[in-house]
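Residue numbers for the sequence shown, in the numbering used here: 28 to 447.
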Amino acid sequence: MALKKKPVTGMKDILPAEMEIRDYVLGIIKDTYREYGYSTIETPCVEHIENLTSKQGGDNEKLIFKIMKRGDKLQSALDESKWDEIADSGLRYDLTLPLCRYYSNNAASLPQPFKALQVGSVWRADRPQKGRFRQFVQCDIDVLGDASNQVEIESILAITKTLKRILPDNKLTVRVNDRAILKGMADYCGFPEDKTMDVFITLDKMDKIGLDGVKQELLDNGYAQESVDKYVGLLGAIKNTPDGVRELGQQIASVMDPAKAENLAEIMETAKAVTTLDFNLEFDPTLVRGMGYYTGTIFEVSMEGFGGSVSGGGRYDQLVGKFTGQDTPACGISIGFERIITILMDQGFKVPVKNVSKAFLYEKGLDAAQFRKVIAAAEEERSKGHKVALAMMAKNKKFQKDQFVENGFGEFVEFYKKDL
């Protein structure tokens with residue numbers, strides 16, 4: 028039987044033209060993040076199954092690729108219901124939980140606070156579709172050990188600068204919220220405390236079903252008319268400015284410390300005051316974010332021409348404590364790398380050429396001395412910082428050159444036996 032040549036469903040081979048764009052975008056991301064003092068780290072792609080199923084990852088925990096134990100325990104498995112008993116590890120579904128394990132294990136050897144830059148593949152057993160794969164790259168920056176809102180401010184500055192360097196002409200909008208404000212609004216409106224997460228799930232559908240749809244779903248779920256009316260009225264009256272955040276904080280002060288709202292307003296005002304870039308920064312009381320580990324500020328970034336968000340993150344001050352027993356302030360943001368690459372490919376994006384790229388084509392049948400001259404000429408060009416590809420002339424030279432042009436080579440040098 029012939030071996031299968033196509034990749035596993037939900038995964039893909041990456042051809043040179045796309046790889047060039049990916050390397051270019053990754054270079055911008057890493058260089059920009061390093062300007063803000065982040066240090067590159069790496070964690071294993073495989074995590075302990077207990078960590079991955081610890082109720083921190085939200086719906087992603089339903090999408091884990093589990094790795095079976097070896098030996099007798101595997102052989103004794105009778106049916107799928109026992110798979111959890113024989114899985115001792117799994118492929119990571121994001122980079123945040125592995126980072127917290129890494130930090131917990133190595134904190135004594137790391138600077139404090141620790142600013143981590145992590146780029147790597149993650150895996151989710153999701154339904155594949157355009158721009159969504161089962162294996163994809165995440166690009167994260169995180170700060171662990173700093174409770175100040177400087178972390179959120181610099182996260183916003185770093186992510187907007189990165190995206191503007193990749194696509195300088197696209198308009199950016201940063202939306203921010205706080206999990207404490209989300210809970211405070213629900214408590215103020217009288218929803219049962221043990222049902223607030225269910226309320227958030229409905230609220231998270233606002234962009235799809237609108238305010239009227241949120242109201243109807245809450246009523247359909249059995250919540251009191253008075254609570255739903257109060258909640259919908261509150262959502263409809265909120266302004267998306269820093270002053271709007273403060274006004275909301277005062278309005279729900281009976282159930283939430285207004286300092287939470289003041290902190291978010293300060294983040295918004297400071298980020299806009301110090302940036303040299305043009306982007307919108309808005310308070311969005313409907314922003315939820317799905318991960319179970321968020322505890323405070325949350326944010327998402329959208330970009331003109333892109334569906335959905337291209338970046339997101341937030342504060343997760345209790346996740347490290349799941350490993351150490353002692354909570355550690357932490358906050359991070361991730362860029363939607365695969366979504367950006369998909370759109371760039373659809374737009375026919377070409378990587379800006381900084382160095383000369385040449386293709387040296389040599390005639391078939393050169394003797395050893397002639398071939399050495401060709402290689403020596405290529406090495407001389409490379410010593411000048413030029414990019415040189417070496418290839419024997421094909422019968423269809425026009426097609427061969429078209430292929431080189433498609434891969435970024437704009438100049439050609441041809442070598443023939445009679446000239447060497």
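C-beta: ideal position from N, C-alpha, C; glycine also.
Identify, in the order they occur along the chain, each residue of the same chain with its Cβ nearer than 8 Å to the Cβ of A421, setting aside the five sequence neighbours on each side. Start at 1 with the first residue of the sequence shown, and residue 421 comes out as number 394. Excluding positions up to five away in sequence, the list reads Q427.
Is the segment 67-74 in contact with the segment 111-131, if contact means three or more CB pairs nearer than 8 Å? yes
V301, DSSP secondary structure in three states: Taking the first residue of the sequence shown as 1, we reach residue 301 at position 274. Note: V301 maps to helix in three-state DSSP.
Validate contact between the segment 295-310 and the segment 264-282 using beta carbons, cut 8 Å, 3 pairs: yes
Assuming C166 and I362 are in contact, meaning their beta carbons sit under 8 Å apart, how far apart are those beta carbons, in whole angstroms? Walking along the sequence shown from the start, residue 166 turns up at place 139. Walking along the sequence shown from the start, residue 362 turns up at place 335. Confirmed, about 5 Å.
Under 8 Å by Cβ, that's how I've got I279 and N204 pegged, so tell me the actual separation to the nearest angstrom. For the purposes of this step, residue 279 is taken as the residue at position 252 of the sequence shown. For the purposes of this step, residue 204 is taken as the residue at position 177 of the sequence shown. Contact doesn't hold; Cβ gap of about 14 Å is too wide.
Delimiting residues of the beta strand (DSSP E) encompassing M419: What you label residue 419 is simply residue 392 of the sequence shown in a count that begins at 1. That run of the beta strand (DSSP E) goes 414-419.
Suppose contacts are defined by Cβ-Cβ distances below 8 Å. Is F350 in contact with Y389 by that definition? Locating residue 350 in the sequence shown gives position 323, counting from the first residue. Locating residue 389 in the sequence shown gives position 362, counting from the first residue. Not closer than 8 Å, so no.
Are there 16 or more other CB atoms within 10 angstroms of the CB of D40, so buried, or fewer, so exposed? Counting from one through the sequence shown, the residue named residue 40 turns up at place 13. Burial call: exposed.
Integer Cβ distance of F387 from V440, believed to fall under 8 Å: By 1-based counting over the sequence shown, the position of residue 387 is 360. By 1-based counting over the sequence shown, the position of residue 440 is 413. About 5 Å separates the two Cβ atoms, so the contact holds.
Relative to the C-alpha of Y120, which residue among R151, I48, P138, A114 is closest? Locating residue 120 in the sequence shown gives position 93, counting from the first residue. Taking only the C-alpha atoms, the option nearest Y120 is R151.
For L105, which residues in the same chain have their Cβ closer than 7 Å to its Cβ, ignoring the five residues on either side in sequence? Numbered from its first residue, the sequence shown carries residue 105 at position 78. Low confidence applies to L105: its pLDDT is 48, below 50, so where it sits in the model is not reliable, and the reading given next is rough at best. Excluding residues within five positions, none has a Cβ falling inside 7 Å.
Compute the beta-carbon to beta-carbon distance between K188 and L199, rounded to the nearest angstrom, for a pair I have assumed lies under 8 Å. Residue 188 sits at position 161 when you count from the first residue of the sequence shown. Residue 199 sits at position 172 when you count from the first residue of the sequence shown. The Cβ separation is near 10 Å, so there is no contact.
Assigned secondary structure, L118 (DSSP; H/G/I helix, E/B strand, else coil): Within the sequence shown, the letter at position 91 stands for residue 118. It is a strand residue.
Among the residues of its own chain, which have a CB less than 8 Å from the CB of R409, if the five just before and after it don't count? Translated into the one-based positions of the sequence shown, residue 409 becomes position 382. Around R409: V415.
Identify the continuous alpha helix (DSSP H) that holds E244 and give its terminal residues. Mapped onto the sequence shown, residue 244 falls at position 217. Here the alpha helix (DSSP H) through E244 covers 233-247.
So for K175, helix, strand or coil by DSSP? The residue labelled residue 175 in the question sits at position 148 within the sequence shown. Checking the sequence shown, residue 175 turns out to be Ser, not Lys. Of the three classes helix, strand and coil, the one that applies to S175 here is coil, per DSSP.
So, under 8 Å CB-CB, I55 and I186 are touching, yes? Tell me the CB distance rounded to an integer number of Å. As a first step, residue 55 must be located in the sequence shown, where it is residue number 28. As a first step, residue 186 must be located in the sequence shown, where it is residue number 159. I55 to I186, Cβ: 12 Å. No contact.
Verify whether the separation of the beta carbon atoms of C358 and V170 is less than 8 Å. By one-based count along the sequence shown, residue 358 stands at place 331. By one-based count along the sequence shown, residue 170 stands at place 143. Cβ atoms of C358 and V170: closer than 8 Å.
Assumed close pair N337, I367 - CB separation to whole angstroms, cut-off 8 Å: For the purposes of this step, residue 337 is taken as residue 310 along the sequence shown, with counting starting at 1. For the purposes of this step, residue 367 is taken as residue 340 along the sequence shown, with counting starting at 1. Rather than Asn, the amino acid found at residue 337 in this sequence is Val. Yes, they are in contact, since the Cβ atoms of V337 and I367 sit about 6 Å apart, within 8 Å.
On the criterion of 16 or more Cβ atoms from any shown chain inside 10 Å, does V281 qualify as buried, or is it exposed? The sequence position of residue 281 within the sequence shown is 254, counting from 1. The identity of residue 281 in the sequence shown is Ser, whereas the question assumes Val. Under this definition S281 is an exposed residue.
DSSP has I325 in a bridge; who is on the other side? As a position in the sequence shown, residue 325 is number 298, starting the count at 1. DSSP lists N204, G341 as partners of I325.
Taking contact to mean at least 3 C-beta pairs separated by less than 8 Å, is the segment 232-240 in contact with the segment 340-347? no
Do the segment 76-92 and the segment 60-68 touch if we need at least three Cβ pairs shorter than 8 Å? no
Would you mind listing the beta strand (DSSP E) stretches within the segment 253-315 that are 3+ residues and don't spill past its ends, in chain order? 307-310
Please list the terminal residues of the continuous beta strand (DSSP E) segment that includes C358. Within the sequence shown, the letter at position 331 stands for residue 358. First-last of the beta strand (DSSP E) with C358: 357-362.
DSSP bridge partner residues for R159 (one or two, in chain order): Counted from its first residue, the sequence shown places residue 159 at position 132. In DSSP, R159 forms a bridge with Q156.
From this set, L209, D196, L90, I180, which residue's C-alpha is nearest R154's C-alpha? Taking the first residue of the sequence shown as 1, we reach residue 154 at position 127. Nearest C-alpha to R154: L90.
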